[in-house]
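Contents: one structure, followed by commentary.
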Amino acid sequence: MFEIVSFWVVVLSAVPFVFQYMRAMATTSLWNDEIYTILNHSGKGPVSVLTDYSSNNHLLINLLNSLFPGRTSFDPLRMRGISLLAVTFTLAGILRFFWRRRLYLPGAAVFVAVGLNRDLLDLCLQGRGYGLALLLALGATAAFLDAYEAPSQTNLLMLAGTSILGSVSIVTFGFWAAPLWAILLLRCRDSRVVIAALLVGAGVLVFHAGVLDQMIALQLAGYGERFGYQYGNWASVAETARLYILGALGSMGPRADGLAAALSLGFLAVLMVQTDTERAATRAPRALLLSAGLFLVFCLTLRTPLVRTTSFICMPVLIGCAMAMEPAYRERHGIRRLLAATLVLLAIPAGIVKALRFEFVPIETWKETGVWIERIFPAGLPVRASVAADYLEGYVASGRLTPGFDERWFVEGSLVVAETPRIESERRDIPSVNSASIVHLRIAQRRNGAQTLHFAPPQSRLIMSPPGLSDRNVRDCALPKPGRLTVPFPRGSHFRSFVVVDAALQKPANVRLRSARGTGGPAWSLHQDGLSLYGLGDQEIESVEIEMPPGSCLAEVWAYPVSFGQGQNE
6 MFEIVSFWVV VLSAVPFVFQ YMRAMATTSL WNDEIYTILN HSGKGPVSVL TDYSSNNHLL
66 INLLNSLFPG RTSFDPLRMR GISLLAVTFT LAGILRFFWR RRLYLPGAAV FVAVGLNRDL
126 LDLCLQGRGY GLALLLALGA TAAFLDAYEA PSQTNLLMLA GTSILGSVSI VTFGFWAAPL
186 WAILLLRCRD SRVVIAALLV GAGVLVFHAG VLDQMIALQL AGYGERFGYQ YGNWASVAET
246 ARLYILGALG SMGPRADGLA AALSLGFLAV LMVQTDTERA ATRAPRALLL SAGLFLVFCL
306 TLRTPLVRTT SFICMPVLIG CAMAMEPAYR ERHGIRRLLA ATLVLLAIPA GIVKALRFEF
366 VPIETWKETG VWIERIFPAG LPVRASVAAD YLEGYVASGR LTPGFDERWF VEGSLVVAET
426 PRIESERRDI PSVNSASIVH LRIAQRRNGA QTLHFAPPQS RLIMSPPGLS DRNVRDCALP
486 KPGRLTVPFP RGSHFRSFVV VDAALQKPAN VRLRSARGTG GPAWSLHQDG LSLYGLGDQE
546 IESVEIEMPP GSCLAEVWAY PVSFGQGQNE
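Residue 394 in the numbering used here sits at position 389 of the sequence shown, with consecutive numbering throughout.
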């Protein structure tokens with residue numbers, strides 16, 4: 006009973022973080038590899054997926070995405086929906102696998118190792134097949150363990166199906182499936198195993214028939230030179246273990262490396278002192294671990310390019326280790342209670358801390374940049390994207406992006422520039438313009454820091470500052486009334502956003518809106534590096550009252566209407 010309670014306590018402590026990560030991935034921007042996949046593979050339909058190959062064409066998930074409605078959509082939930090389901094079923098499958106075997110502590114440990122592993126979740130929840138590979142690795146692991154002890158039509162068919170689909174999902178999955186079947190053939194010497202192995206080989210070839218020549222040509226053309234030989238030495242194996250097998254230990258803080266080393270040494274010590282009976286009881290998990298070891302040697306031999314393509318191997322390694330350790334404590338109740346208490350004491354704080362301190366920054370912020378463009382700027386105000394305009398196009402209104410750059414339009418506030426340092430080697434495709442009026446809004450992302458919106462106040466009566474409050478024609482910062490400024494708006498126009506520029510501001514000023522609906526606060530606000538933005542709710546505004554803190558140096562105030570052109574140059 007104590008172990009069952011510990012099992013559920015540990016599992017439930019990890020659920021909030023898993024839920025937060027899934028919600029973040031379901032709502033934040035796709036990044037380069039995912040959008041490239043839509044534009045070049047799944048968005049073109051199933052025939053293109055099965056006949057046109059490149060590095061990002063992970064056949065299984067692209068085929069599935071191409072068959073459902075909305076295949077050209079950049080919506081993150083649409084693109085990542087299959088991966089979200091795959092990871093959900095993986096976590097549920099882990100619980101079911103160990104619960105049926107009454108291995109409560111190993112099950113809780115494996116669940117936490119996957120559910121609190123930020124790097125693993127981040128990769129497997131992307132719409133690129135790694136989540137499917139993880140789920141299929143779980144299925145193949147369960148089928149192999151059963152078939153190793155007693156081959157049957159059911160477990161052999163399951164192992165064959167997961168081997169085929171896994172290899173179609175991520176090509177390197179086949180490097181692990183092959184040792185699995187080789188070990189099984191040596192173990193069982195059963196004609197059914199031979200037939201099933203031949204069917205697996207045939208199935209993989211059939212799925213890849215339309216792209217096999219392209220895959221070979223890509224390798225011969227220098228695939229490794231282009232993407233790098235990440236699996237060039239044993240350090241890459243350590244990187245795989247650190248990221249995807251022991252990654253959850255990162256939540257333990259700076260002692261994570263020491264804890265990982267202690268766990269590894271403890272595991273080896275237990276295996277060395279096992280009795281003959283215990284060794285006999287762990288033959289299947291030992292064989293599973295052997296298959297993982299052969300897979301890693303295979304990767305080193307073939308020098309597969311990317312460490313992330315080995316992420317799914319965490320499943321057989323974690324399950325193999327958990328089951329290989331099980332006989333050492335099954336009959337030792339004191340050790341079992343000690344392990345349960347230790348697991349609870351380690352996992353619960355880790356899960357709670359991760360959930361309470363949860364922060365998520367997308368790899369790239371095409372969606373977030375698009376949201377801010379539509380939220381701030383009038384409909385019809387053109388935007389120039391520095392690179393990859395087709396990526397941003399999926400997140401802004403149709404016709405918003407313009408291919409050209411006009412410096413006069415930019416300085417006069419009739420053009421916004423979206424700068425995206427997507428890849429360091431790419432040329433920055435915007436001129437360098439120096440103007441005191443230009444402001445910059447940064448949207449943080451993990452890859453190369455941030456995307457940035459550059460814009461200037463519009464040169465029209467839409468600048469709502471009274472004389473003496475524009476940095477284009479004054480040199481002082483005096484407010485008409487100490488600490489407070491009321492900005493009147495022209496009648497008959499609806500407004501989208503309000504901009505205040507004050508380099509001395511550390512947070513947004515207190516703003517009150519007066520409209521036909523009454524007096525209230527803005528719909529939203531954002532402050533960054535002296536730039537404050539406020540949402541006006543696309544409504545008719547009578548005036549805005551700004552209450553500035555002491556030490557303010559108000560430089561510029563302006564408002565954007567709902568539609569570009571209202572009041573321009575009047």
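Quick reminder that beta carbons are idealized off the backbone N, C-alpha and C, glycines included.
Cβ separation of residue i and residue j, assumed to be a contact under 8 Å, to the nearest whole Å
i, j, result
"Ser403", "Thr425", "So it is not a contact: roughly 20 Å between Cβ atoms."
"Val421", "Leu386", "6 Å"
"Val216", "Tyr58", "4 Å"
"Ala201", "Leu161", "5 Å"
"Ala205", "Ala165", "Rather than Ala, the amino acid found at residue 205 in this sequence is Val. Going by Cβ atoms, the distance from Val205 to Ala165 rounds to 5 Å, so yes, they are a contact pair."
"Phe494", "Ala564", "7 Å"
"Trp181", "Ser296", "6 Å"
"Gly525", "Leu531", "Wrong, their Cβ atoms sit about 18 Å apart, outside the cutoff."
"Pro598", "His499", "Because the chain is modelled from 6 through 575, residue 598 falls outside the range shown and cannot be assessed."
"Ile324", "Ser18", "Ile324 to Ser18, Cβ: 21 Å. No contact."
"Lys372", "Pro81", "7 Å"
"Val199", "Leu191", "With a Cβ gap of about 12 Å, Val199 and Leu191 do not count as contacting."
Cβ shell of residue i (< 6 Å), same chain only, five flanking positions each side left out
i, result
"Ser557", "Asp507 and Ala509"
"Thr407", "Pro387 and Arg389"
"Thr370", "Ser34, Ile448, Gln450 and Gln456"
"Ile551", "Leu490, Ala514 and Val516"
"Thr309", "Thr177 and Tyr236"
"Trp186", "Ala202"
"Trp529", "Gly540"
"Leu143", "Thr95, Gly98 and Met320"
Three-state secondary structure (DSSP) of residue i
i, result
"Thr159", "helix"
"Tyr539", "strand"
"Pro74", "coil"
"Arg133", "coil"
"Trp577", "It is not possible to answer for residue 577, since the shown part of the chain is limited to 6 through 575."
"Ser475", "Summary for Ser475: the model assigns pLDDT 45, below 50, so the residue's position carries little reliability; its value from the coordinates is reported in the next sentence. Ser475: coil per DSSP, three-state reduction."
"Ala508", "coil"
"Ile175", "coil"
"Val198", "helix"
"Ile9", "helix"
"Leu290", "As written in the sequence, residue 290 is Pro, which differs from the Leu given in the question. Reduced to three states, the DSSP call for Pro290 is helix."
"Glu550", "strand"
"Phe530", "According to the sequence displayed, residue 530 carries Ser and not Phe. Note: Ser530 maps to strand in three-state DSSP."
"Ala16", "Rather than Ala, the amino acid found at residue 16 in this sequence is Val. The answer is helix: DSSP assigns Val16 an H, G or I state."
"Ile448", "strand"
"Val52", "helix"
"Gly525", "strand"
"Pro462", "coil"
"Glu517", "The identity of residue 517 in the sequence shown is Arg, whereas the question assumes Glu. Three-state DSSP puts Arg517 in a strand."
"Ser502", "strand"
Residues of its chain near residue i, where Cβ-Cβ distance is below 7 Å and the 5 sequence neighbours each way are ignored
i, result
"Ala114", "Ala327 and Leu348"
"Trp13", "none"
"Ala521", "Glu545"
"Leu536", "Val444, Leu446 and Val506"
"Asp395", "Leu44"
"Ala289", "Leu150, Tyr153 and Glu154"
"Ala118", "Ala253 and Leu323"
"Phe363", "Phe22 and Gln25"
"Gln1", "Because the chain is modelled from 6 through 575, residue 1 falls outside the range shown and cannot be assessed."
"Thr315", "Thr177, Thr245 and Cys304"
Residues of its chain near residue i, where Cβ-Cβ distance is below 8 Å and the 5 sequence neighbours each way are ignored
i, result
"Leu108", "Ala327, Met328 and Glu331"
"Leu223", "Tyr58, Ser59 and Ser60"
"Tyr41", "Asn61"
The ligand GTP heavy atom lying under 6 Å from the CB of residue i
i, result
"Gly171", "Absence of the ligand GTP from the depicted structure is noted, as is the absence of any ligand whatsoever, leaving it without description."
CB contact below 7 Å: residue i versus chain C
i, result
"Thr177", "Protein chains in the displayed structure number just one, and chain C is not present."
TODO: Spell out a yes or no on whether the segment 41-55 and the segment 66-86 are touching, meaning 3 or more CB-CB pairs, one atom from each, closer than 8 Å.
DONE: yes
TODO: Evaluate the contact criterion for the segment 313-333 versus the segment 244-257: three or more CB pairs, one atom per stretch, below 8 Å.
DONE: yes
Task: At least three beta-carbon pairs within less than 8 Å, the segment 73-89 to the segment 40-49 - done: Yes, the segment 73-89 is in contact with the segment 40-49.
Task: contact_flag[the segment 448-459, the segment 537-555] where n(CB pairs < 8 Å) is 3 or more - done: Contact fails: fewer than three Cβ-Cβ distances are below 8 Å.
Open item on the list: Assess contact between the segment 165-172 and the segment 116-128, defined as three or more Cβ pairs (one per stretch) separated by less than 8 Å. Is contact present?
Closed with: no
- [ ] Would you be able to state if there are at least three C-beta pairs under 8 Å between the segment 17-30 and the segment 371-383?
- [x] no
Open item on the list: I want to know whether the segment 153-168 touches the segment 58-67 - three or more CB-CB distances under 8 Å.
Closed with: no
- [ ] At 3 residues or longer, and completely inside the segment 350-435: list those beta strand (DSSP E) runs for me, N to C.
- [x] Within the segment 350-435, the complete beta strand (DSSP E) segments at least 3 residues long are 388-390 and 421-424, listed from N- to C-terminus.
Open item on the list: Check whether the segment 27-37 and the segment 96-113 are in contact - that is, three or more C-beta pairs closer than 8 Å.
Closed with: With a cut-off of 8 Å, the segment 96-113 and the segment 27-37 do not count as touching, because too few Cβ pairs lie within range.
Open item on the list: Across the segment 289-308 and the segment 131-140, are there enough close Cβ pairs to call them in contact, namely three or more that are closer than 8 Å?
Closed with: no
Open item on the list: So, does the segment 136-151 touch the segment 86-99, judging by three or more C-beta pairs under 8 Å?
Closed with: yes
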